[in-house]
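> Next up is a structure, given as structure tokens.
2 protein chains.
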Amino acid sequence: MRYILFMDLSSTAYVILGMVSVHPRSGYEIKAAVDESTRRFWAASYGQIYPELKRLSEQGLVTGMDAPRGERKRTVYTITDAGMERLKEWLRRPPEMSEMRDEGLLKLFFSGVLEPDEAAETLRRMRDRRAALAEELAALEAVVIEKSDEFALMVVRGGVEYNRWYADWCERMEAELLATARKERST
Amino acid sequence: MRYILFMDLSSTAYVILGMVSVHPRSGYEIKAAVDESTRRFWAASYGQIYPELKRLSEQGLVTGMDAPRGERKRTVYTITDAGMERLKEWLRRPPEMSEMRDEGLLKLFFSGVLEPDEAAETLRRMRDRRAALAEELAALEAVVIEKSDEFALMVVRGGVEYNRWYADWCERMEAELLATARKERST
DNA sequence: GGCTCCATGTAATCCGTTACATGATTAC
DNA sequence: GTAATCATGTAACGGATTACATGGAGCC
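Protein sequence lines, in the order shown, are assigned to chains C and P.
Using this note's numbering, the first residue of the first sequence is number 3, and each one after it goes up by one.
Using this note's numbering, the first residue of the second sequence is number 3, and each one after it goes up by one.
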């Protein structure tokens with residue numbers, strides 16, 4: 003007999019716990035929920051979800067129940083009391099990890115070897131991307147309002163604001179860049 | 003004899019090309035440069051840098067030259083014309099990848115199971131972290147100004163602005179959260 | 001003498017994505 | 001009937017971090 007008292011959970015484990023804390027879901031549904039909500043700041047793939055569900059189940063943090071749809075097998079997972087405790091305990095701990103990888107910024111950073119208008123082109127692309135993302139999230143906002151989930155709404159709106167700020171920053175930097183380029187040409 | 007005409011380069015390869023495009027550097031110096039500049043939006047470890055330098059050298063995109071310091075062996079890498087062309091070609095391509103992982107946002111997203119003031123605590127931690135980061139980058143700004151690198155400066159300042167926006171957003175969300183919590187308590 | 005920094009490298013490991021396999025159900 | 005979606009899983013692969021090994025140089 004093995005005693006698992008308090009094994010460290012992976013970050014994916016908490017996404018799963020969070021997702022089933024709202025209401026029971028199948029692995030497939032968890033993946034779908036992640037893809038339309040946390041994906042932009044915390045993704046998860048089938049390759050993580052299914053093995054993790056098995057582990058969480060073994061540790062008694064979720065329980066899987068058969069819930070077939072016709073002849074199609076299906077297992078929905080419910081969070082247990084122990085699972086809810088672990089989730090809350092994690093939520094109360096100060097957030098640690100935060101990282102980003104941004105190819106646009108990297109290109110900008112090295113753009114000293116290019117002509118100013120080539121660098122400006124990078125900024126325009128970045129701007130367009132961010133503007134599109136802001137619109138996408140603004141559309142999602144309507145969907146989230148329906149669910150009346152205060153925190154989900156807060157996060158989507160934050161996403162809209164962030165992408166708008168970013169798009170605006172790109173515009174300003176492009177203008178600045180072209181302005182100094184003009185000034186330099188005239189001397 | 004092997005003919006490598008146009009093998010795809012890894013993202014790390016471009017960081018290295020970018021870093022040696024400014025002036026020749028050793029692997030150690032590349033790592034140090036990454037750590038004090040691009041790290042926040044594009045990191046690189048020794049485990050990537052040294053093998054990648056070897057590959058880039060084999061492909062004729064950089065050339066390594068012995069540059070010992072006393073008895074201590076040291077190799078500095080210089081970008082070749084071919085390497086510069088590859089770097090520029092990449093810089094001109096529209097940026098694709100951009101991703102983030104943010105534990106704070108993830109915790110916020112699932113904070114519906116907590117008391118409002120516990121969720122507010124998460125926002126306070128996030129705010130403090132962002133404010134500290136903004137200060138850190140503001141201090142770095144002074145160092146970057148010395149180097150008179152227009153693009154590096156643009157990126158650091160962007161970082162300051164971003165973290166200040168983020169910190170401010172956290173403050174506003176905390177206020178909003180506590181306000182609705184008060185309202186709900188009074189009903 | 002010991003600590004920190006300079007300097008190069010590799011092996012083990014972790015984390016995560018992609019691709020694939022399989023099969024039922026629903027919509028057109 | 002066939003394409004898309006629901007549903008579960010795993011194997012292969014790739015990217016990146018961590019840890020370790022090795023050793024010289026400079027400083028207190």
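Beta carbons: idealized from backbone N, C-alpha and C, even for Gly.
1) As a quick exercise: from P:A45, P:Y168, P:H25, P:A121, pick the residue whose alpha carbon is nearest that of P:A15.
2) Any chance the segment 144 to 161 of chain C sits against the segment 85 to 97 of chain C, with 3 or more Cβ pairs inside 8 Å?
3) Helix, strand or coil: which one does DSSP assign to C:E120?
4) Who are the near neighbours of C:Y5 in its chain, counting only those whose CB is closer than 7 Å to its CB and skipping five residues on each side?
5) So, for C:L180: in the same chain, excluding its five sequence neighbours on each side, which residues have a beta-carbon less than 7 Å away from its beta-carbon?
6) Taking just the CA atoms, how far does C:E73 sit from C:S28?
7) How would you list, in chain order, the residues of chain P whose beta-carbon sits under 9 Å from the beta-carbon of C:S23?
8) Using the beta-carbon of each residue, which ones in chain P are nearer than 7 Å to C:D83?
9) On the CB-based measure, 16 or more other CB atoms within 10 Å of its CB, does P:A134 come out buried or exposed?
10) Looking at the C-beta of P:M257, does it have a partner C-beta in chain C at a distance below 8 Å?
11) What in chain P is Cβ-close to C:E98, meaning under 7 Å?
12) Can you tell me the Cα-Cα spacing of C:N165 and C:R132, whole angstroms?
13) Apply the 10 Å Cβ neighbour rule to P:T40 and answer buried if 16 or more other Cβ atoms are within range, or exposed otherwise.
14) Taking the alpha-carbon positions, what's the P:Q1 to P:S12 distance?
15) Using the three-state DSSP reduction, which class does P:M3 fall into: helix, strand or coil?
If we stick to the structure as given:
1) Nearest C-alpha to P:A15: P:A45.
2) With the cut-off at 8 Å, the segment 144 to 161 of chain C and the segment 85 to 97 of chain C do not touch.
3) The answer is helix: DSSP assigns C:E120 an H, G or I state.
4) Note on C:Y5: pLDDT 49, under 50, position unreliable in the model; the coordinate value appears next. Excluding residues within five positions, none has a Cβ falling inside 7 Å.
5) Excluding sequence neighbours, C:L180 sits near P118, A122.
6) Straight-line spacing of the CA atoms in C:S28 and C:E73 works out to 16 Å.
7) Per Cβ cutoff of 9 Å: F112, G114, V115.
8) Within chain P, no residue comes near C:D83; the closest Cβ sits about 12 Å away, beyond 7 Å.
9) P:A134 comes out exposed.
10) Shown here, chain P extends from 3 to 189; a query on residue 257 of chain P therefore has no answer.
11) In chain order: E105.
12) Distance between the alpha carbons of C:N165 and C:R132: 5 Å.
13) So P:T40 counts as buried.
14) Since the first residue of chain P shown is 3 and the last is 189, residue 1 of chain P is not available in this structure.
15) Below a pLDDT of 50, predicted positions are generally treated as unreliable, and P:M3, at 44, falls in that range; the measurement from the model is reported next regardless. Coil, per DSSP.
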